[in-house]
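Have a look at the structure below, then the notes.
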Amino acid sequence: MHMGDFMLSPAVGGTMMTAAVGTAAVSIKKVRDMDEKKIPLMGVMSAFVFAAQMINFTIPGTGSSGHLAGSIMLAILLGPYAGFLSMAAILLIQALFFADGGLLAYGCNVINMGFFACFIAYPLIYRTITKKGLTRTRLMTGSILASVAALQMGAFSVVIQTLLSGKTELPFTQFALAMQGIHLAIGAVEGVVTAGVVSFVWKVRPDIISTQPAEKSKQGYKSVIVGFLAAALLLAGGISLFASANPDGLEWSIGKVAGDKEIKGETRVHKSLEKAQQDIAVLPDYSFKKQENADEAVGKVVSGLVGSGITVGLVLAVGYLIKLIKRKKAK
Amino acid sequence: MTDIAGALYEIKHLDELSKRDNIINNIHPLVKLIVTLAYIGILASFDRYEVFALVPFIMYPAAVMIICEIPVGKIIKRVLALEPFIIVAGILNPILDKNTIYIGTVSISSGWLTLISLIIKSTLMVSAGFLLIASTGIDDIAGAMSLVKVPSIFVLLFLLTYRYIFVLMDEAERLIKGYTLRAPGQRGVKIKIWGPMIGQLLLRSFNRAQIIYQSMVLKGYNGKYSVSADKSFRYAEGIYLLVCVAFFIMSRLINIPMVIAGIFH
Numbered sequence: 001m002h003m004g005d006f007m008l009s010p011a012v013g014g015t016m017m018t019a020a021v022g023t024a025a026v027s028i029k030k031v032r033d034m035d036e037k038k039i040p041l042m043g044v045m046s047a048f049v050f051a052a053q054m055i056n057f058t059i060p061g062t063g064s065s066g067h068l069a070g071s072i073m074l075a076i077l078l079g080p081y082a083g084f085l086s087m088a089a090i091l092l093i094q095a096l097f098f099a100d101g102g103l104l105a106y107g108c109n110v111i112n113m114g115f116f117a118c119f120i121a122y123p124l125i126y127r128t129i130t131k132k133g134l135t136r137t138r139l140m141t142g143s144i145l146a147s148v149a150a151l152q153m154g155a156f157s158v159v160i161q162t163l164l165s166g167k168t169e170l171p172f173t174q175f176a177l178a179m180q181g182i183h184l185a186i187g188a189v190e191g192v193v194t195a196g197v198v199s200f201v202w203k204v205r206p207d208i209i210s211t212q213p214a215e216k217s218k219q220g221y222k223s224v225i226v227g228f229l230a231a232a233l234l235l236a237g238g239i240s241l242f243a244s245a246n247p248d249g250l251e252w253s254i255g256k257v258a259g260d261k262e263i264k265g266e267t268r269v270h271k272s273l274e275k276a277q278q279d280i281a282v283l284p285d286y287s288f289k290k291q292e293n294a295d296e297a298v299g300k301v302v303s304g305l306v307g308s309g310i311t312v313g314l315v316l317a318v319g320y321l322i323k324l325i326k327r328k329k330a331k
Numbered sequence: 332m333t334d335i336a337g338a339l340y341e342i343k344h345l346d347e348l349s350k351r352d353n354i355i356n357n358i359h360p361l362v363k364l365i366v367t368l369a370y371i372g373i374l375a376s377f378d379r380y381e382v383f384a385l386v387p388f389i390m391y392p393a394a395v396m397i398i399c400e401i402p403v404g405k406i407i408k409r410v411l412a413l414e415p416f417i418i419v420a421g422i423l424n425p426i427l428d429k430n431t432i433y434i435g436t437v438s439i440s441s442g443w444l445t446l447i448s449l450i451i452k453s454t455l456m457v458s459a460g461f462l463l464i465a466s467t468g469i470d471d472i473a474g475a476m477s478l479v480k481v482p483s484i485f486v487l488l489f490l491l492t493y494r495y496i497f498v499l500m501d502e503a504e505r506l507i508k509g510y511t512l513r514a515p516g517q518r519g520v521k522i523k524i525w526g527p528m529i530g531q532l533l534l535r536s537f538n539r540a541q542i543i544y545q546s547m548v549l550k551g552y553n554g555k556y557s558v559s560a561d562k563s564f565r566y567a568e569g570i571y572l573l574v575c576v577a578f579f580i581m582s583r584l585i586n587i588p589m590v591i592a593g594i595f596h
């Protein structure tokens, strides 16, 4: 579910980063109020999830294998705030060392994989099911349902962010169906593993599972949700501004999904969209506009290729020069 | 990243590269962080149909790789490993983008342009990310984070996670080795063992966390952790920042390959 930078526009990436930073700020405040003992524990637990992600499971009935993502497990073991922060640390290391998720996409990934698991699926599903006391069945159902829900929300969020960015052509319906479908399967596996681990630990060391941080107040969740909503509104506002200036994002993708027929419409939005599509789609600078300009277009493509070739050549030449100078200095 | 030993080696290797002595490695980590983010942000702001104007952006990763003597093959190998995902995300572009462009008499779907643009962009962005860590290292990145006022709890968490990844991945590797020796020829771990195996790892981690905490307290840990971040800015670093960002902005505003082609025309 890790998103790469190439899928995102700076507007979407930036707004999601703001949302992630906001959520992290609230979480840090909450964790600070807790025991300081937590922090080394959090570090070791994030490292544990990182290591656990490397273990491959055979998925019964298929030839394939999968691995754990671990955000629900972190929420269960550390509580939602510390769990969210741990996930954010894991994602940062993955982005830096493995390019698993980009830097611009970091906010998106933290929200998609941390926020929904820790602040929606965990409190609303897992906590509700296990509220009346822990039993093996409740632990199992809670973990599985929460994992499936968290992954579904995360996957849907990926679809929305991708479409708002408008960098790929993926049509909404098909993309959403594919994402939700595959993540239903992934969520089920994630849930079964989480349930297995949680019930194993509960059997062997019940203190770890049952001494999970007591829910302090509903207030905490509220402030997180409010912060997130504010960011979402900001996102909507930012995107619509961006879209009206340069309908490359939202309107464009909606237009794409709706199909060309419906776009040839009467409203202003449709008209501006139509114009934009003409402008964007046919490389205005390069005069691909009409077939009559075909020769000119060839000319532009050729000059583009030549120009690019020269640019790359220059880079290589400079590189070679530096190498030569270095070698001389070394002597 | 399924091969645990391989993954560990890769992490260590990137961090080691950053410890060598050269101009870029010695630049203030915050400057490098800003340059990398500016690079990725400006690349992301390009129109989906842009191809040629992206080419001058090769300059930055090329320069860093040359100056830092980072093996090009290493970075290319890592970028190639991610390329399939990018191609999957963009492979439908040529089919779904119904606009047609004409190059002479040949008509192609303009989706090909978006696909090529996507591949170039992502390759450049991913290399920039790798080069940041290969020229900066984890401690300096943490230092830069605390300079921009990222709360110390998060910086500490980030550093501790990084530190214990080595310990726990070692532990995980031993577990897996033990398992595979008893289950030769089997792909992955059977469903029955999922819970107990990861649970085992979890218990070991938990115990370790407690021991670590106790020894930290004995050494005077009181919830605070100091990160070396008091590196001061130098003139040269300001110039580096200015030159890089100015170059990115110029390349964003001017289609350099087209201009160059114009000169020779």
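First to last, the protein sequences are chains E and B.
Under our numbering, the residue at position 252 of the first sequence is numbered 252, and the numbers go up by one with no gaps.
Under our numbering, the residue at position 216 of the second sequence is numbered 547, and the numbers go up by one with no gaps.
Cβ coordinates follow ideal geometry from the N, Cα and C atoms, glycine included.
The model shown is predicted, which means the values in this text are computed figures rather than measured ones.
For residue i, three-class secondary structure by DSSP
i                            : result
valine 290 of chain B        : Past the boundaries of the shown model lies residue 290 of chain B; chain B is included only from 332 to 596, so the question cannot be answered.
phenylalanine 537 of chain B : helix
threonine 431 of chain B     : strand
phenylalanine 497 of chain B : helix
valine 520 of chain B        : strand
phenylalanine 377 of chain B : coil
phenylalanine 119 of chain E : helix
phenylalanine 564 of chain B : coil
Boundaries (first-last residue) of the alpha helix (DSSP H) holding residue i
i                         : result
valine 159 of chain E     : 136-165
glutamate 400 of chain B  : Careful: glutamate 400 of chain B lies outside any alpha helix (DSSP H) and carries neither H nor E.
asparagine 357 of chain B : No alpha helix (DSSP H) holds asparagine 357 of chain B; DSSP gives it neither H nor E.
asparagine 109 of chain E : 106-110
valine 189 of chain E     : 172-204
glutamine 94 of chain E   : 80-98
glutamate 341 of chain B  : 335-348
aspartate 130 of chain E  : One point to set straight first is that residue 130 of chain E is threonine, not aspartate, in the sequence displayed. Per DSSP, threonine 130 of chain E belongs to the alpha helix (DSSP H) from 127-130.
methionine 597 of chain B : Because chain B is modelled from 332 through 596, residue 597 of chain B falls outside the range shown and cannot be assessed.
valine 481 of chain B     : Looking at the DSSP string, valine 481 of chain B is not in any alpha helix (DSSP H), and its letter there is neither H nor E.
threonine 23 of chain E   : 10-33
Span of the beta strand (DSSP E) around residue i
i                     : result
valine 437 of chain B : 437-440
Residue i classed as buried or exposed, judged by whether at least 16 other C-beta atoms fall within 10 angstroms
i                            : result
aspartate 5 of chain E       : buried
glycine 551 of chain B       : exposed
glutamine 351 of chain E     : This structure cannot speak to residue 351 of chain E, because chain E is shown only from 1 to 331.
threonine 445 of chain B     : buried
proline 247 of chain E       : Because proline 247 of chain E carries a pLDDT of 38, less than 50, the predicted location of this residue cannot be relied on, and the following value inherits that uncertainty. That one is buried.
glycine 404 of chain B       : exposed
methionine 581 of chain B    : exposed
asparagine 112 of chain E    : buried
glutamate 347 of chain B     : exposed
methionine 3 of chain E      : buried
phenylalanine 489 of chain B : buried
serine 563 of chain B        : exposed
asparagine 109 of chain E    : buried
(message) Which residues of the region 367-379 of chain B have a Cβ closer than 9 Å to any Cβ of chain E? Give them in chain order.
(response) Flagged, chain order: Thr367, Leu368, Ile371, Gly372, Ile373, Leu374, Ala375, Ser376, Asp378, Arg379.
(message) Assess contact between the region 461-476 of chain B and the region 350-366 of chain B, defined as three or more Cβ pairs (one per stretch) separated by less than 8 Å. Is contact present?
(response) As far as the Cβ criterion goes, the region 461-476 of chain B touches the region 350-366 of chain B, which means the pair count is three or higher.
(message) What are the residues in the region 484-504 of chain B lying within 9 Å of chain E by C-beta distance?
(response) Going along the region 484-504 of chain B in chain order, one finds Ile484, Phe485, Leu487, Leu488, Phe489, Leu490, Leu491, Thr492, Tyr493, Arg494, Tyr495, Ile496, Phe497, Val498, Leu499, Met500, Asp501, Glu502, Ala503, Glu504 with a Cβ nearer than 9 Å to chain E.
(request) Would you list, in chain order, the members of the region 303-316 of chain E that have their beta-carbon closer than 9 Å to a beta-carbon of chain B? (result) Within the region 303-316 of chain E, the qualifying residues are Ser303, Gly304, Leu305, Val306, Gly307, Ser308, Gly309, Ile310, Thr311, Val312, Leu314, Val315, Leu316.
(request) Take every Cβ of the region 193-206 of chain E, pair it with every Cβ of the region 518-529 of chain B, and state whether three or more of those distances are shorter than 8 Å. (result) Between the region 193-206 of chain E and the region 518-529 of chain B, the count of Cβ pairs shorter than 8 Å is three or higher; the stretches touch.
(request) Please determine if the region 508-518 of chain B and the region 19-36 of chain E are in contact, where contact requires at least 3 C-beta pairs separated by less than 8 Å. (result) The region 19-36 of chain E and the region 508-518 of chain B do not touch, with fewer than three beta-carbon pairs separated by less than 8 Å.
(message) Check whether the region 366-385 of chain B and the region 5-18 of chain E are in contact - that is, three or more C-beta pairs closer than 8 Å.
(response) The region 5-18 of chain E and the region 366-385 of chain B touch, with three or more beta-carbon pairs separated by less than 8 Å.
(message) Within 8 Å, do at least three Cβ pairs link the region 336-345 of chain B to the region 488-506 of chain B?
(response) Contact between the region 488-506 of chain B and the region 336-345 of chain B is present, because at least three Cβ pairs lie under 8 Å.
(request) Select from the region 2-20 of chain E all residues with a C-beta closer than 7 Å to any C-beta belonging to chain B, and list them in chain order. (result) Along the region 2-20 of chain E, going in chain order, the ones with a CB nearer than 7 Å to a CB of chain B are Gly4, Asp5, Phe6, Met7, Leu8, Ser9, Pro10, Gly13.
(message) Check whether the region 124-142 of chain E and the region 99-112 of chain E touch, using three or more Cβ-Cβ pairs below 8 Å as the test.
(response) Judged by Cβ distances under 8 Å, the region 124-142 of chain E makes no contact with the region 99-112 of chain E, as fewer than three pairs qualify.
(message) If the cut-off is 8 Å on Cβ atoms, which residues from the region 428-452 of chain B count as contacting chain E, listed in chain order?
(response) Per Cβ criterion, the list reads Asp428, Lys429, Asn430, Ile432, Tyr433, Ile434, Gly435, Thr436, Ser441, Gly442, Leu444, Thr445, Leu449, Lys452.
(request) Check whether the region 83-97 of chain E touches the region 117-132 of chain E, taking contact to mean three or more Cβ pairs, one atom from each stretch, closer than 8 Å. (result) Under the Cβ criterion (8 Å, minimum of three pairs), the region 83-97 of chain E counts as touching the region 117-132 of chain E.
(message) Under 8 Å: do the region 315-322 of chain E and the region 30-50 of chain E share three or more Cβ pairs, one atom per stretch?
(response) Judged by Cβ distances under 8 Å, the region 315-322 of chain E makes no contact with the region 30-50 of chain E, as fewer than three pairs qualify.
(request) Give the residues from the region 530-552 of chain B that approach chain E closer than 7 Å (Cβ to any Cβ), ordered along the chain. (result) Result list: Gly530, Leu532, Leu533, Leu534, Ser536, Phe537, Arg539, Ala540, Ile543, Tyr544, Met547.
(message) With a threshold of 8 Å, are at least 3 pairs of Cβ atoms found where one atom belongs to the region 390-410 of chain B and the other to the region 427-442 of chain B?
(response) Inter-segment contact for the region 390-410 of chain B and the region 427-442 of chain B is absent: fewer than three beta-carbon pairs are separated by less than 8 Å.
(message) Counting only Cβ-Cβ distances shorter than 9 Å, please list the residues of the region 390-411 of chain B near chain E, keeping chain order.
(response) Under the 9 Å Cβ criterion, the region 390-411 of chain B contributes Met390, Ala393, Ala394, Met396, Ile397, Ile398, Glu400, Arg409, Val410.
(request) Decide if the region 530-545 of chain B is in contact with the region 43-57 of chain E; the criterion is three or more beta carbon pairs, one per stretch, under 8 Å apart. (result) These segments touch.
(request) Using a Cβ-Cβ cut-off of less than 8 Å, list which residues of the region 182-195 of chain E approach chain B; keep chain order. (result) Residues of the region 182-195 of chain E with a Cβ closer than 8 Å to any Cβ of chain B, in chain order: Val192, Val193, Ala195.
(message) With a threshold of 8 Å, are at least 3 pairs of Cβ atoms found where one atom belongs to the region 452-468 of chain B and the other to the region 380-392 of chain B?
(response) The region 452-468 of chain B is in contact with the region 380-392 of chain B.
(request) Tell me, please, whether the region 174-192 of chain E touches the region 436-455 of chain B by the rule of three or more beta-carbon pairs shorter than 8 Å. (result) No contact exists between the region 174-192 of chain E and the region 436-455 of chain B.
(message) Under 8 Å, CB to CB, which of the residues in the region 82-101 of chain E have a partner in chain B?
(response) If the cut-off is 8 Å between Cβ atoms, the region 82-101 of chain E has Leu85, Ser86, Ala88, Ala89, Ile90, Leu92, Ile93, Ala95, Leu96, Phe97, Phe98, Ala99, Asp100 near chain B.
(request) Could you list the residues in the region 20-50 of chain E with a C-beta less than 8 Å from some C-beta on chain B, going in chain order? (result) Those residues of the region 20-50 of chain E that come within reach of chain B (Cβ to Cβ, closer than 8 Å) are Ala24, Ala25, Ile28, Val31, Arg32, Glu36, Lys37, Ile39, Pro40, Leu41, Met42, Gly43, Val44, Met45, Ser46, Ala47, Phe48, Phe50.
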